[in-house]
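Participant:
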Amino acid sequence: MFLLAGAVHAAPIDDALRQYDGGQFEVAAGQLAPLAEGGNAVAQERLAVMYFYGRGVPEDEDKALLWARRSADQGNLDAMYFIGNMYVFGDRLPKSVQDPDQEAARWYFEAARKGHADAEYGLGLLFLAGKGVVQDQEEAMRWIRSAADHGHAGARSFLGGSKGAGH
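Everything in the sequence shown is counted per this note's numbering, starting at 41 for the first residue and increasing by one.
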């Protein structure tokens, strides 16, 4: 009976993520904030996303970066990838550094070298365009093939559905 009761009460992070996925952003923010403060890397990364896009909390790129960095410092690959995205797609953050593409490439690389498919694909596209890195089609294709091998749909589509064939 005790085990059954335990299954009914989900872990706080699971409940918070369910609220987030269900679009209940204010509720999710209220649940994620104390978990993030307590050092939960997943809560920190999700709170960063919420601050970046203004979901359930006021839009604030500085707070988004703070939470994403705390999560990335714990090795969260999604947070590393998200920091790269903030330098590419942010409003104020890209203006805070000399070369936002280079900063994005640095963060994408940190996650990509550990097998994060989205980061591999993003890094490949930066190499293809020569943004933040030296333009290098061979290196670009290496990262894009790796992303495809890790299941990235965009990379697979880019490669014509070959799933990274031709290594």
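Backbone N, C-alpha and C fix where the C-beta goes; we use that ideal spot for every residue, glycine too.
If I measure Cβ to Cβ from D55 and keep anything under 7 Å in the same chain, skipping five residues before and after, which residues do I get?
Facilitator: So the qualifying residues of the chain are Q71.
Participant: Just list the alpha helix (DSSP H) runs in the region 88-172, keeping only unbroken ones of 4 residues or longer that don't cross its boundaries, in chain order.
Facilitator: 101-113, 117-129, 140-152, 157-169
Participant: When the distance is taken between beta carbons, is A83 closer than 8 Å to I53?
Facilitator: yes
Participant: Quick check on DSSP: helix, strand or coil for A51?
Facilitator: A51 falls in the coil class under three-state DSSP.
Participant: Could you check the C-alpha separation between R182 and K171 for me, to the nearest Å?
Facilitator: 16 Å
Participant: What would DSSP say about H207, mapped onto helix, strand or coil?
Facilitator: Bear in mind that the predicted position of H207 carries a pLDDT of just 45, short of 50, making it unreliable; the figure below should be weighed with that in mind. Note: H207 maps to coil in three-state DSSP.
Participant: Check whether the Cβ atoms of L163 and Y148 lie closer than 8 Å to each other.
Facilitator: yes
Participant: I need the straight-line Cα distance from L166 to Y60, nearest angstrom please.
Facilitator: Take the alpha-carbon of L166 and the one of Y60: they are about 30 Å apart.
Participant: If you follow the alpha helix (DSSP H) that D189 is part of, which residue opens it and which one closes it?
Facilitator: 177-189
Participant: Specify, as a first and last residue, the run of the alpha helix (DSSP H) that G62 falls within.
Facilitator: Element bounds for G62: n/a, residue is neither H nor E.
Participant: What span of residues does the alpha helix (DSSP H) with G79 cover, start to end?
Facilitator: First-last for G79: undefined, no H or E at that position.
Participant: For a quick check, are the C-beta atoms of E99 and Y93 less than 8 Å apart?
Facilitator: yes
Participant: In terms of residues, what are the limits of the alpha helix (DSSP H) holding G200?
Facilitator: Careful: G200 lies outside any alpha helix (DSSP H) and carries neither H nor E.
Participant: Measure the alpha-carbon distance for A145 versus G200 and round it to whole angstroms.
Facilitator: 25 Å
Participant: I need the straight-line Cα distance from A69 to V89, nearest angstrom please.
Facilitator: The straight-line gap from Cα to Cα measures roughly 11 Å.
Participant: DSSP state of V67, grouped into three classes?
Facilitator: helix
Participant: So, at 8 Å on beta carbons, what are the nonlocal neighbours of Q142 in its own chain, with the 5 sequence-adjacent residues on each side left out?
Facilitator: G172, V173
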